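**Student:**
There are 2 protein chains.
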Amino acid sequence: MKRTHFFAIIFISVASLLYACNNSGSSSASTDKDTKPAFDLTAAKKGVEEGNKAFMELLKKGDSVGVANLYTMDAKLLGPNMPAAVGRSSIQSVLGGFVNAGFTNFSLITTEVWGYENLLSEEGVWALAGKDGKELDRGKYIVLWKMEDGKWKLFRDCWNSDNPPPPPAK
Amino acid sequence: MKRTHFFAIIFISVASLLYACNNSGSSSASTDKDTKPAFDLTAAKKGVEEGNKAFMELLKKGDSVGVANLYTMDAKLLGPNMPAAVGRSSIQSVLGGFVNAGFTNFSLITTEVWGYENLLSEEGVWALAGKDGKELDRGKYIVLWKMEDGKWKLFRDCWNSDNPPPPPAK
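Those sequence lines, one after another, are chains R and C. Just so you know, we're using the working numbering here: the first sequence kicks off at 1 and counts up by one. Just so you know, we're using the working numbering here: the second sequence kicks off at 171 and counts up by one.
Structure follows, in structure tokens:
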């Protein structure tokens, strides 16, 4: 074997090794790229904030269909002193009842949001005011949010009042 | 340079390359080992089931301290027609009130659990029976569970009744 051939073989061998070594590195890098990006809780919180803002604005207008569309198709409205309303159309009729009763002036304040890409859990406080702005009731809630059609929507909505129940209507 | 020296240098170079290549592989393998195992929702659901079982048993015995210990230190009891009870000692006094009122015979049935390693969200239905076993009330709840001291504990507990409020006591 000529000395030049020998060097050529050594060169190719080392180059192949370096390539293999480097390639194994880049293949693991591409695996990292394939991994889902870290869950962005800040963006999710913004989705909850937007959902609550739309909730308050649409309910104030008496748009129970618009508010119902903020819930997932399979949502459950877990309201106090009523059975669970299951599914968007049942939820819409409960919300229609709120509108008819004049319960449209709600404020929702998020206390905290926890979650991951499949589900958010929100804790908050709510208040209901009359048309004159006077507070009628207040309480707390836990809402579970789920992504549907690219938006965070209410999936479970459980709330209650801080106040003793009002005396029954005469 | 002697031919044998030359081969020795080539051998050492190739061996070093192989070692470096192999070592980078094993270091990425150890990174994989360091990564947390996939979240086990089945095990988490079992934790919730055990928590609820202990809740029912301890409350039936009137052990409000035992039930309060199923809540995290920073838990919030978000009960209907009362302000939020914040922290384990406040929760214990509300539970003590339940015991004094004879509200100890609760059944809790989990409907669904969602979650990840930091937080579980449970949906369920509850019923309260009197000492004679007759149902007094029933409703639904959302409980958020958090890991504390190696156990899933109640972190937020929001419930309400399916029934209209009872008439106020005379």
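For glycine and all other residues, C-beta sits at the position ideal for the given N, C-alpha and C. As the structure is a computational prediction, the values presented were derived from the model and not from experiment.
Cβ closer than 9 Å: which chain R residues qualify as neighbours of Asn330/C?
**Tutor:** Leu78, Gly79, Pro80, Asn81, Met82, Cys158, Trp159, Asn160, Ser161
**Student:** What residue range is occupied by the uninterrupted alpha helix (DSSP H) comprising Ala224/C?
**Tutor:** 211-230
**Student:** I'd like to know if Asp164/R contacts chain C, where contact means its C-beta is closer than 9 Å to some C-beta of that chain.
**Tutor:** Here residue 164/R is Pro; the residue named in the question, Asp, does not match the sequence. Answer yes: the Cβ-Cβ gap between Pro164/R and chain C drops below 9 Å somewhere.
**Student:** Against Glu123/R, what residues of chain C qualify as contacts under a CB-to-CB distance less than 9 Å, listed in chain order?
**Tutor:** Lys246, Leu248, Leu314, Arg326, Cys328
**Student:** Using beta carbons (cut-off 9 Å, strictly below), is Glu45/R in contact with chain C?
**Tutor:** Inspection of the sequence shows that residue 45/R is occupied by Lys rather than by Glu. False, the Cβ-Cβ gap to chain C never drops below 9 Å.
**Student:** Do you know whose CA, among Gly97/R, Ala127/R, Glu117/R, Gly79/R, lies nearest Lys153/R's CA?
**Tutor:** It is Glu117/R.
**Student:** Alpha carbon to alpha carbon, how far is Glu220/C from Gly102/R?
**Tutor:** 43 Å
**Student:** Determine the DSSP secondary structure at Asn100/R, reduced to helix, strand or coil.
**Tutor:** helix
**Student:** With DSSP run on the structure shown, which of helix, strand or coil describes Asp202/C?
**Tutor:** Since pLDDT at Asp202/C reaches only 45, below the 50 mark, its modelled position is unreliable, and the value read off the structure follows with that caveat. Here Asp202/C sits in helix by DSSP.
**Student:** Just the chain R side, please: which residues come within less than 7 Å of Tyr286/C by C-beta, in chain order?
**Tutor:** Tyr116
**Student:** Would Thr110/R pass as a contact of Lys60/R if the rule is Cβ separation under 9 Å?
**Tutor:** no
**Student:** What did DSSP end up calling Ala238/C once you bin it into helix, strand or coil?
**Tutor:** helix
**Student:** For Pro334/C, is the classification buried or exposed, using 16 other Cβ atoms within 10 angstroms of its Cβ as the cut-off for buried?
**Tutor:** exposed
**Student:** Closest to Trp296/C by C-alpha separation, out of Lys223/C, Ile261/C, Lys321/C, would be which residue?
**Tutor:** Lys223/C
**Student:** Output the distance between the C-alpha atoms of Phe55/R and Val86/R, rounded to the nearest integer angstrom.
**Tutor:** 18 Å
**Student:** Tell me which same chain residues have a C-beta within less than 6 Å of the C-beta of Gly96/R, skipping the five on either side of it?
**Tutor:** Ser64
**Student:** Rounded to the nearest angstrom, how far is the Cβ of Glu292/C from that of Val269/C, given a contact under 8 Å?
**Tutor:** At roughly 23 Å, the Cβ-Cβ gap does not stay under 8 Å, so Glu292/C and Val269/C are not in contact.
**Student:** Under 9 Å Cβ-Cβ, which residues of chain R neighbour Leu240/C?
**Tutor:** What Leu240/C touches in chain R: nothing, since even the nearest Cβ is about 18 Å away.
**Student:** Going along the chain, which residues of its own chain have a beta-carbon closer than 8 Å to the beta-carbon of Asn251/C, five neighbours each way excluded?
**Tutor:** Pro335
**Student:** Can you check DSSP and say which residues form a bridge with Glu148/R?
**Tutor:** Lys151/R
**Student:** For Asn105/R, report the span of its beta strand (DSSP E) as first-last.
**Tutor:** 105-116
**Student:** Under the assumption that Asn275/C contacts Lys301/C (Cβ atoms under 8 Å), give the Cβ distance between them as a whole number of angstroms.
**Tutor:** 7 Å
**Student:** Tell whether a beta-carbon distance below 9 Å holds between Lys140/R and Ala238/C.
**Tutor:** no
**Student:** Buried or exposed: Gly150/R, going by 16 or more other Cβ atoms within 10 Å of its Cβ?
**Tutor:** exposed
**Student:** With a threshold of 6 Å on Cβ separation, who are the neighbours of Cys158/R within its own chain once the five nearest residues in sequence on each side are excluded?
**Tutor:** Leu78, Ile142
**Student:** Ordered along the chain, which non-local residues of its own chain (more than five positions away) have a Cβ less than 6 Å from that of Arg326/C?
**Tutor:** Same-chain partners within the cutoff: Lys246, Leu314.
**Student:** Determine the chain R residues that contact Leu278/C at a beta-carbon separation under 7 Å, and present them in chain order.
**Tutor:** Per Cβ cutoff of 7 Å: no residues; Leu278/C is ~14 Å from chain R at best.
**Student:** Helix, strand or coil for Arg156/R, going by three-state DSSP, please let me know.
**Tutor:** strand
**Student:** Can you check whether the C-beta of Leu289/C is within less than 9 Å of a C-beta belonging to chain R?
**Tutor:** yes
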